Structure formats: C-alpha cells, structure tokens
Amino acid sequence: METKVVRVDSRRAHGVPEAIVGEVCSELFAGLARKDQRCKGEQYLRGLLTAQGRKSIRNIAASVGDGAAEQSLHHFISASTWDWTPVRAALARYLERVMRPRCWVVQNVVIPKAGQHSVGVTRRFVPSLGHIVNSQEAYGVWAANEEMSSPVSWRLKLSAEWLRQCRSGVPGHPAEQPATTSLACVTDAVRQAQSWIGGPPRPVVLDLPESDPSQTARGLRAAGLPFLMAVHGTTRVTAADPALAGTGIGEVSVQQLLRVAGPLRRPVTWTDPETRRLRTSLVTALRVELPAAGPVLLLGEWGDPRGWPRKCWITDLSGAAWGDLLRLAQLTRRVETDFNRTSVNVGVVDFEGRSFDGWHRHTTLASAAQAVQTLATADGRVRAVVRPVAQPLAQPA
C-alpha cells in the first residue's frame, strides 16, 4: 500500500441512516459539557454525511438547512473549547463493541494543498509521485477486521520548519503534542487508541514504504506494541531459522532468503476486501535477525509459485499461525478500500483552516461520520447479529 495521496471528487453525497446517527451521536457527545455543543456536534456530523462536494463549513451549514449556522459551526470547530479526545475515546469504545476489531491499521495520508495557510502545510517529496508536493501529512489509526474498518485516532505530522514559522503559537493540547517524525505520529496515536479500549495490546499493522524497518521495529517494541509491518524486498536480514541450518546463508535481502525457502511454502486462503472473493496465496515464514532491531519473523507471500514473493512482512507475533498472519496483513487492503470508498466522501481530508485544534475536531467528527456509513452498509449487518469473538493472535515471544 503506497502512501495515500488524496484526490477529491466533487460529486459526492451520502444518505443519512437515522437510527445509527442517533445512536452514535448519543454515545460520542454525551461527555460534552454543554447542550449547545452536543447539538452542534450532531449537526456537523449530519452535514458531513449529506453535504454535496467538499465538506467545507459553508457546505455543511447549507446541507443541514441552516445557512445562518455557518459562523457558529466555524466557531464550534476552530475556536471552541471542547476537547476532541474524549469523543475519539468514545468512538473507539463504541467500535470495539459493535465491530470487534482484530488489529490497529496505520494509514499514511498526504493531502495536497494549493496555498500555505492550512495547518501543517509544507513542501515535501512524495516518493509515490516522484516529486515535491505542497501538502499536509497525517497518520490515521483504524480499528479493522475482515468486514470493515474505521479510523479512531489521528496525528498531523508537523515539520520543524512549519513549527518555526507558526505565528499562531505552537499547539499545546496535552494529548496531542506536535509530532515531527512519522514514528512519533504512529506510536503516539496507537498507544492512545489502545489506552481507550484497555486490555492486552492489539497488533499494529503497517504498510509504510518510506519508513525504516529497523527504526520502526525498535520504536514499536519500545512502546510495547506488537506489530506486523510490510517491508521492501531489498530489506537486509540474517537467517536464523532452524529450517535453514547448514545452508551457510548469512545476511541477504528478504526476497533472496524467501526464494531459497520456496519449498517450505504452504497455501493459505483469504478474502479480498475489495471484491469479497476468496483467494489463495502461497506463504512461508522464517525466523531472522533484523539489523539493529533483533529477532523477528519474516513472512512472504506468492501469487505465482514460479516467481519472486510479491509481498514481504516482518513481525514479532512469532507464535501466530501463518494463515492468521497473512489475513492480518491483508487488512491494510481493507483500510485502503474503505478510505477510497468512504473516508474521502465524508470529508476526512477536507479541513482548510489554520487551526491545529480545528483540524483535530473536524477529523474526529469525520471519523464518526465514517463509522456511521460503515455500520450502515457493512455486509452481514453487524448490528443485527452477535458474532463469536475471534481468538486473539499470539503475543510476541
């Protein structure tokens, strides 16, 4: 999954499933101290679901039939005092109950901007495009299972240059301290999401092509977060698996090592999140040493048994079955599909203001709007059935 560069389609519209909207609003906004804030929160969420085109505050106000509300909604998002963190926490706990997620998936989003006025905008090189883009960069944490996914927490990456030039003061929210590195964005956001639901740390699934595998693995381990991370085929590792004893293989690329281990492959069946069809891949896993990060399990997947592996991951979930690991890894596809189909349409990337707090409040309410759409359209109507709780994956050895 490449870094997501957002392109906005102006022909967007969604219906409003009333029963779910009411339930989500009552749970998420119950902690807001003032009645007018609870009303504005619901009004804004409904506008995100129904406004045509870009989810600007003007379009949101018009879509809920109250053009005069534009100024008050602008204040509610950009200048009010309500704290978005309890709302995100309530959303995470709500999705925990109705979705029963298997993992956290981290999605990187680059949002091109025409000017310099939006919060966090800077010029950055985007490898997937091959050139410099004037943009924001954000990291979202998604609760995900095979059927659906929805974001619960976000971090906006702020460059050192932007912080130096920030004339409105450095953001100071105690739970959302400015992060200038991708790793800080990821670990801070995931640890916060995990703290909201409690229990054993849930696996973090990442496909961030520009990240350094060793550095990311060390950071996630230091944060106490089990992980499953996609890596480039050129990533260097040292074989440490008993199955390869006596082969004399030292430090090699993961692609080369997996090619040698071809006879160890097994078929695994998984469900494509976009087509909902069953697919079968060949999979193998080997114990390896990652430079400067220590022992991990290397997982490889083949579509064509005669070729090189088409995808490689490293993980510290060393006790999990290969099939469980592959199905977990494919949840990045689930999130990418839901991002394209729902996130952009409910305005996750549409905030245009200068306010750091405003960006977080808008993104929080857009995440809630996505939860509404996700639960309203999910296969199997998850709200109408009680499914058995999936067994947890083995924790890191």
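Residue numbering for the sequence shown is 1 to 397, as defined by UniProt numbering. Glycine included, every Cβ here is placed at the ideal spot set by N, Cα and C. All values reported here derive from a predicted model rather than from experimental measurement.
Task: Alpha-carbon spacing of residue 435 relative to LEU95, whole angstroms - done: Outside the displayed span of the chain (1 to 397) sits residue 435, for which this structure offers no information.
Open item on the list: On the CB-based measure, 16 or more other CB atoms within 10 Å of its CB, does THR180 come out buried or exposed?
Closed with: Translated into the one-based positions of the sequence shown, residue 180 becomes position 180. So THR180 counts as exposed.
- [ ] Have a look at THR122, VAL186, VAL110 and flag the residue whose alpha-carbon is nearest the alpha-carbon of LEU129.
- [x] Residue mapping note: residue 129 aligns to position 129 of the sequence shown, counting from 1. Nearest option by C-alpha distance: VAL110.
Open item on the list: Quick check on PHE125: buried or exposed, where buried means 16 or more other Cβ atoms within 10 Å of its Cβ?
Closed with: Position 125 of the sequence shown holds residue 125. Exposed, since its Cβ has fewer than 16 Cβ neighbours within 10 Å.
TODO: Let me know the alpha helix (DSSP H) ranges lying completely inside the region 30–64, each 4 residues or longer, listed in chain order.
DONE: 35–50, 57–63
- [ ] Could you work out which residue in LEU326, PRO213, ALA143 is closest to PHE339 when comparing CA atoms only?
- [x] By 1-based counting over the sequence shown, the position of residue 339 is 339. Shortest Cα-Cα distance from PHE339 to any of LEU326, PRO213, ALA143 involves ALA143.
Task: Where HIS117 sits in the DSSP three-state scheme - done: Residue 117 sits at position 117 when you count from the first residue of the sequence shown. Coil.
Open item on the list: My output table needs one value for GLY169: the three-state DSSP class, helix, strand or coil.
Closed with: Position 169 of the sequence shown, counted from the first residue, corresponds to residue 169. Interpretation of GLY169 is limited by its pLDDT of 48, a score under 50 that renders its predicted location unreliable; no figure is taken from the coordinates.
Task: Reduced DSSP category for PRO101 - H, G, I as helix; E, B as strand; rest coil - done: On the sequence shown, residue 101 is found 101 positions in, with the first residue counted as 1. Three-state DSSP puts PRO101 in coil, outside helix and strand.
Task: With 16 other Cβ atoms within 10 Å as the buried cut-off, status of ILE132 - done: Mapped onto the sequence shown, residue 132 falls at position 132. So ILE132 counts as exposed.
- [ ] Answer yes if the region 185–201 comes into contact with the region 290–308, meaning at least three C-beta pairs across the two stretches below 8 angstroms, and no otherwise.
- [x] no
Open item on the list: By alpha-carbon positions, which one of ARG46, LEU326, ALA69, LEU317 ends up nearest to residue 399?
Closed with: The question about residue 399 has no answer here: the residues shown for the chain are numbered 1 through 397.
Task: Cross-strand partners of PHE356 (DSSP beta bridge) - done: Working through the sequence shown from its first residue, we reach residue 356 at position 356. PHE356 is not bridged to any residue.
TODO: Assign ALA397 to one of two classes, buried (16 or more other C-beta atoms within 10 Å of its C-beta) or exposed (fewer than that).
DONE: Numbered from 1 along the sequence shown, position 397 holds the residue referred to as residue 397. Residue confidence for ALA397 is low, a pLDDT of 49 falling below 50, so the modelled location carries little weight and cannot support an answer.
- [ ] Look at PRO201 and PRO242 and say whether their C-beta atoms are less than 7 angstroms apart.
- [x] The residue you call residue 201 lines up with position 201 of the sequence shown. The residue you call residue 242 lines up with position 242 of the sequence shown. No, they are not a contact pair.
Task: Residues near ALA366 by beta carbon distance below 6 angstroms, same chain, minus five either side - done: Counting from 1 along the sequence shown, the entry for residue 366 is found at position 366. So the qualifying residues of the chain are LEU48, VAL346, GLY347, VAL348.
Task: Presumed contact (8 angstroms Cβ cut-off) between LEU258 and CYS312, rounded CB distance - done: On the sequence shown, position 258 is the one that residue 258 refers to. On the sequence shown, position 312 is the one that residue 312 refers to. That pair is a contact at about 7 angstroms.
Open item on the list: Suppose contacts are defined by Cβ-Cβ distances below 7 angstroms. Is GLU251 in contact with THR238 by that definition?
Closed with: Within the sequence shown, the letter at position 251 stands for residue 251. Within the sequence shown, the letter at position 238 stands for residue 238. Yes.
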